[in-house]
Structures are given as C-alpha cells and as structure tokens.
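This report refers to the structure that appears directly beneath it.
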Amino acid sequence: MSTPSLLILAGDGIGPEVMTEVRKIIDWFGAKRDLAFDVSEDLVGGAAYDVHGVPLADETMAKAQEVDAVLLGAVGGPKYDDLDFSVKPERGLLRLRKEMDLYSNLRPAQCFDALADFSSLKKDVVAGLDIMIVRELTSGIYFGEPRGISVNASGEREGVNTQRYTESEIARVARSAFELAKRRGNKVCSMEKANVMESGILWREIVQKVHDEEYPDVELSHMYADAGGMQLCRWPKQFDVIVTDNLFGDLLSDVAAMLTGSLGMLPSASLGAPMENGRPKALYEPVHGSAPDIAGQGKANPIACILSFAMALRYSFDQGAEADRLEKAVEKVLADGLRTADLMGPEGGSPVSTSAMGDAIVAA
Ligand code: ATP
Ligand code: MG
Numbered sequence: 001m002s003t004p005s006l007l008i009l010a011g012d013g014i015g016p017e018v019m020t021e022v023r024k025i026i027d028w029f030g031a032k033r034d035l036a037f038d039v040s041e042d043l044v045g046g047a048a049y050d051v052h053g054v055p056l057a058d059e060t061m062a063k064a065q066e067v068d069a070v071l072l073g074a075v076g077g078p079k080y081d082d083l084d085f086s087v088k089p090e091r092g093l094l095r096l097r098k099e100m101d102l103y104s105n106l107r108p109a110q111c112f113d114a115l116a117d118f119s120s121l122k123k124d125v126v127a128g129l130d131i132m133i134v135r136e137l138t139s140g141i142y143f144g145e146p147r148g149i150s151v152n153a154s155g156e157r158e159g160v161n162t163q164r165y166t167e168s169e170i171a172r173v174a175r176s177a178f179e180l181a182k183r184r185g186n187k188v189c190s191m192e193k194a195n196v197m198e199s200g201i202l203w204r205e206i207v208q209k210v211h212d213e214e215y216p217d218v219e220l221s222h223m224y225a226d227a228g229g230m231q232l233c234r235w236p237k238q239f240d241v242i243v244t245d246n247l248f249g250d251l252l253s254d255v256a257a258m259l260t261g262s263l264g265m266l267p268s269a270s271l272g273a274p275m276e277n278g279r280p281k282a283l284y285e286p287v288h289g290s291a292p293d294i295a296g297q298g299k300a301n302p303i304a305c306i307l308s309f310a311m312a313l314r315y316s317f318d319q320g321a322e323a324d325r326l327e328k329a330v331e332k333v334l335a336d337g338l339r340t341a342d343l344m345g346p347e348g349g350s351p352v353s354t355s356a357m358g359d360a361i362v363a364a
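Okay, structure coming up:
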C-alpha cells in the first residue's frame with residue numbers, strides 16, 4: 001500500500017497553533033509506530049486570501065481532491081470582516097465541502113470521564129457517553145428550491161424555504177451511517193418528522209430499505225426528531241449512531257455537543273462518496289472557529305483538532321487501533337488533571353499552554 005496522503009490546511013487564528021500540536025503527533029506516529037504520512041500543507045481562508053486574493057486557490061482545491069484526507073484548522077477573523085462576500089474566508093471552506101461533495105457530516109459527542117462535571121447534565125447521564133450524529137450536509141431545506149422572500153397573492157410578503165430530498169440523497173447518507181455503526185455499537189437511530197413532513201416519510205422509507213437490503217445486521221430504530229432531542233437530553237447513552245437531515249442535524253448536533261462540555265474538545269468529519277480505495281473523500285476539522293479573541297496567545301485547546309486527526313486515522317486511514325491509542329492519550333492527560341484555559345471551571349486553577357497540552361499528549 002502506498003503512503004497515505006494528508007493535506008493540512010491550517011487556516012487562520014488559532015488554526016495554525018492547534019495544527020502545530022497535531023504535527024507533533026503525526027511525527028510521533030512516524031517515529032514510534034512506523035506509520036508515515038505523506039503530509040502536504042497549503043493555505044485556506046484569510047491566509048489564502050492574503051497570498052492569492054481568494055480564500056481557496058484552484059491548485060489547493062485540486063490537491064484536496066487527490067489526497068486521502070484533508071485536515072483543516074479554522075478560517076476567518078476580524079481582519080477579513082469587511083471583505084466582499086465572494087472572497088470571505090468561510091467561502092474557502094464552503095468550496096471544499098461543495099466540490100468534494102461532502103454530504104455526510106459526522107459530529108461525535110464523547111464525554112471524557114475527567115470532564116463529566118462540565119456537562120449541564122448529571123454526571124451519570126454523560127459519563128462514558130460516546131455517540132455519533134450523522135447530519136446530511138448538502139441538501140434539504142438549506143438548499144431546496146423554491147426559496148426567497150416575495151409578495152404573495154394577497155399582497156403580503158412571504159418567506160419560503162423548501163425541504164427536498166431525493167431517494168439517492170437519503171440512501172447515501174444512510175449508508176454512511178450504517179457503515180459507521182458497523183465499526184461502533186452496531187446501532188442506528190434515524191430521526192425525521194414523518195408524522196408531518198412528506199420528506200420525512202420518504203426518509204424513513206429509504207433508510208429502512210437501505211437497512212433491509214444492505215445492512216440487516218445493524219439494529220435500526222426510527223424516532224421523530226423532536227422526541228429525539230428530548231431523549232438526547234434525558235438519556236443520551238441509549239444512542240450509538242444517529243442519522244438525520246440537514247436541518248434537524250444542525251440542531252441535534254449542537255445539543256449533543258453541549259452534553260460534553262467545551263468547544264475546544266469537539267472534532268468533526270465531513271465525508272463524501274467512496275473513492276477507488278473504498279474509503280470516502282474526507283475533510284476533518286475541529287468544530288470550533290478561529291477564536292480571534294485568544295489567537296496568538298498560546299491559550300487554544302488543541303484537543304479538538306487532535307481528535308479530528310484521530311477520526312482521520314479511523315475513517316480514512318483504516319487505523320482504528322491507532323485512533324484508540326491517540327484518544328486514550330487524550331483521556332490520560334485529562335485524567336492527570338491537565339487543563340487548557342477553556343477547561344477551567346469558575347474556581348480557576350493554573351491552565352497549561354497549547355504546546356504543553358500537545359507535548360503531554362505525545363508523552364502519554
Ligand atoms: P466561527 O464563526 O469561525 O465559528 P465563532 O466566533 O463562532 O467562530 P469560535 O471561534 O469557535 O467561535 O470561538 C467561540 C469562543 O470559544 C471564543 O471565545 C473562543 O475563545 C472559544 N474557543 C473556541 N475554540 C477554542 C479552543 N480550541 N480553545 C479554547 N477556546 C476556544
Ligand atoms: Mg461559530
């Protein structure tokens with residue numbers, strides 16, 4: 001097998017800072033686990049705009065299409081707030097998602113025991129929590145036509161959005177969820193509103209069909225999305241993989257995220273169609289943004305980006321055991337009491353720097 005390739009797009013703000021820590025980990029895997037990556041780096045967001053006048057150069061886009069995985073830091077910052085919409089840093093990320101056709105957005109909600117007190121929920125409700133929300137990312141009400149604000153027949157203004165899903169759009173994200181479930185707890189819960197929405201009726205039918213024909217051994221259940229939100233807060237550990245549409249996924253993944261604590265801890269993956277090697281096109285990134293308020297101060301928590309790399313190990317490089325190893329190291333440093341500033345409670349304490357956290361994880 002050829003050396004797996006990884007394109008790093010560190011971006012803006014704290015992006016490059018947290019990526020420096022990921023590089024330490026990649027180097028460690030090369031030196032200690034004989035697991036080498038063909039790593040290239042390029043610009044995205046404001047950093048690309050500064051050099052190329054666009055937030056994502058065509059050559060960078062082409063590279064992203066070729067590699068086994070892309071790891072992105074963050075884009076944007078106050079310096080770019082007044083730019084024209086067409087060259088805003090965020091447009092670089094949107095272009096990547098769109099041209100790579102990354103229709104399946106994975107947001108794990110995983111609670112490290114050492115941080116269980118951080119949750120707004122009772123400790124026993126979240127301790128040991130490990131669920132995955134799969135959100136459809138390229139269709140649904142955020143894209144459906146017709147849309148717009150216009151004057152209707154009775155002379156009143158009217159805002160319109162349209163929820164639309166085709167069978168193939170539902171089937172491909174369902175497959176993505178079932179594939180994940182096979183590597184995890186073998187359980188999928190599909191959420192929609194089949195009681196009031198036509199697209200929900202089709203969603204339920206197609207998810208069931210993909211299950212029956214291709215993944216009969218995975219346990220499948222269906223839930224209305226409102227009830228699902230309630231259950232997520234009541235007893236989240238009942239779930240393994242949740243698959244849902246773009247709108248409900250937007251809401252439910254934010255709810256699930258807050259079950260576990262800080263923004264600085266949350267990784268994500270966006271997956272597309274399988275490539276020739278059978279693995280999906282993929283972009284991994286922390287959920288947090290460029291955090292301009294703390295950029296350049298060595299305060300950023302690198303764990304979200306490090307856990308995003310762990311997801312890449314698992315889903316793009318077929319290195320599940322090494323991903324476990326990395327996640328265990330994160331767990332260990334947290335159990336040892338190491339905290340970046342964002343992980344300090346109101347009682348305070350002495351936080352460690354971005355690079356001290358990275359070093360500790362490498363050592364662990
Ligand atoms: P974007 O629009 O890019 O999503 P945002 O303004 O919504 O950005 P973030 O940049 O994610 O949000 O930052 C929100 C808050 O969380 C900020 O106060 C920031 O300092 C904090 N924060 C975000 N990421 C981290 C991190 N990795 N470590 C520590 N604090 C963080
Ligand atoms: Mg934001």
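Residue numbers for the sequence shown, in the UniProt record's numbering: 1 to 364.
Glycine is no exception: its CB is placed at the ideal position from the N, C-alpha and C atoms.
Predicted model, so just to flag it, every value in this text is computed and none were measured.
Asked                                                                                                                    : Found
Residue 371: first and last residue of the uninterrupted beta strand (DSSP E) it sits in                                 : In the structure as shown, the chain starts at 1 and stops at 364, and residue 371 therefore has no counterpart that could be examined.
L72 versus E198: straight-line alpha-carbon distance, rounded                                                            : 36 Å
Neighbour-count burial assignment, T162, 16 or more Cβ in a 10 Å radius                                                  : exposed
Bridge partners - R314, DSSP secondary structure assignment                                                              : None; R314 has no bridge partner.
Residue from M275, D342 and E331 with nearest C-alpha to E66                                                             : M275
Cβ pair V196, V243 closer than 8 Å                                                                                       : no
C-alpha gap between T138 and N246, whole angstroms                                                                       : 7 Å
Candidates D240, R204, L232 and R234: closest to E219 by CA position                                                     : D240
Opening and closing residue of the alpha helix (DSSP H) in which H52 lies                                                : G46 to H52
Cβ-heavy atom distance, V352 to the ligand ATP, below 7 Å                                                                : no
Selection from M357, V362, V352 and E347 that minimises the alpha carbon distance to F118                                : E347
Contact check, G264 vs I303, beta carbons under 8 Å                                                                      : yes
Unbroken beta strand (DSSP E) run spanning C189, endpoints                                                               : K187 to E192
DSSP state of F18 mapped onto helix, strand, coil                                                                        : Checking the sequence shown, residue 18 turns out to be Val, not Phe. Three-state DSSP puts V18 in a helix.
Residues that DSSP places opposite T244 in a beta bridge                                                                 : R135 and M191
From S316, R184, C233 and D212, residue whose alpha carbon lies closest to that of K123                                  : C233
Distance between F29 and R339 (C-alpha atoms, nearest Å)                                                                 : 24 Å
Contact set for P16: own chain, Cβ-Cβ below 7 Å, skip 5 residues either direction                                        : A10 and G73
Where H288 sits in the DSSP three-state scheme                                                                           : coil
Where L94 sits in the DSSP three-state scheme                                                                            : helix
E213 to E90 span [Cα, whole Å]                                                                                           : 39 Å
Endpoints, the alpha helix (DSSP H) within which A363 is located                                                         : T354 to A363
Beta carbon of I361 nearer than 8 Å to that of I294                                                                      : no
Cut-off 6 Å between Cβ atoms - residues of its own chain near M223, not counting five sequence neighbours on either side : C189 and M191
Own chain residues within Cβ distance below 7 Å of residue 374, not counting five before or after                        : Nothing about residue 374 can be reported from this structure: the residues present for the chain run from 1 to 364 only.
Alpha-carbon to alpha-carbon, S262 and E158                                                                              : 39 Å
Where Q297 sits in the DSSP three-state scheme                                                                           : coil
Rounded separation between E205 and P216 - CA only                                                                       : 15 Å
Whole-Å CB distance - K281 paired with L102, under 8 Å assumed                                                           : 7 Å
Where the alpha helix (DSSP H) containing D324 begins and where it ends                                                  : G320 to A335
Distance cut-off 7 Å: G289 Cβ against heavy atoms of the ligand ATP                                                      : yes
Coil, strand or helix - V126 by DSSP                                                                                     : helix
Rounded distance between the beta-carbons of G92 and V75, thought under 8 Å                                              : 6 Å
Spatial distance of V134 from W203 (CA atoms)                                                                            : 14 Å
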